[in-house]
Amino acid sequence: MDRNVCTRCGGEMVHIGQEKIQLGKFGWLTGSWGHLLSGALTVDIYCCRDCKKMEFYAVESPEEEAAIAQVPCPHCGERHDMDDAKCPHCGKRLY
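With our numbering, the residue at position 19 of the sequence shown is 87, and numbering never jumps.
Here is the structure:
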């Protein structure tokens, strides 16, 4: 897909910046509390010079943003999340 050509009119698309879009939803009972835990998605924003249509493209997927670094356990050698207090495979405490 060519980001420099408008899908509506075929005009030239111009990169106008990069922003973070808030994920989550507004609930009737919870209000905006869902926004606090859901994170944000970084997007590139393009605008057509002719028809002013805007398009958003994700810079990285939400899975990549949320991923925690993996390290090998010093006891069993299996990989686990860096912030684990205990190895989920062998159960030994990590330092």
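Note that beta-carbon positions come from the ideal geometry of N, C-alpha and C, so glycine has one too. On a predicted model such as this, the values are computed, not experimentally measured, just so you know.
Cysteine 77 is positioned such that its CB atom lies closer than 9 Å to that of cysteine 116. Residue range 108 to 116 is occupied by the beta strand (DSSP E) that includes threonine 110. CA-CA distance, aspartate 152 to glycine 107, rounds to 21 Å. The beta carbons of proline 156 and histidine 148 sit about 5 Å from each other, so the pair counts as a contact at 8 Å. Burial is judged here by how many other beta carbons sit within 10 angstroms of a residue's own beta carbon; methionine 122 has fewer than 16 and is exposed.
The Cβ atoms of aspartate 112 and histidine 83 lie closer than 9 Å to each other.
Counting the other Cβ atoms within 10 Å of the Cβ of cysteine 158 gives fewer than 16, which makes it exposed. In the DSSP assignment, isoleucine 89 falls within the beta strand (DSSP E) that extends over 81 to 90.
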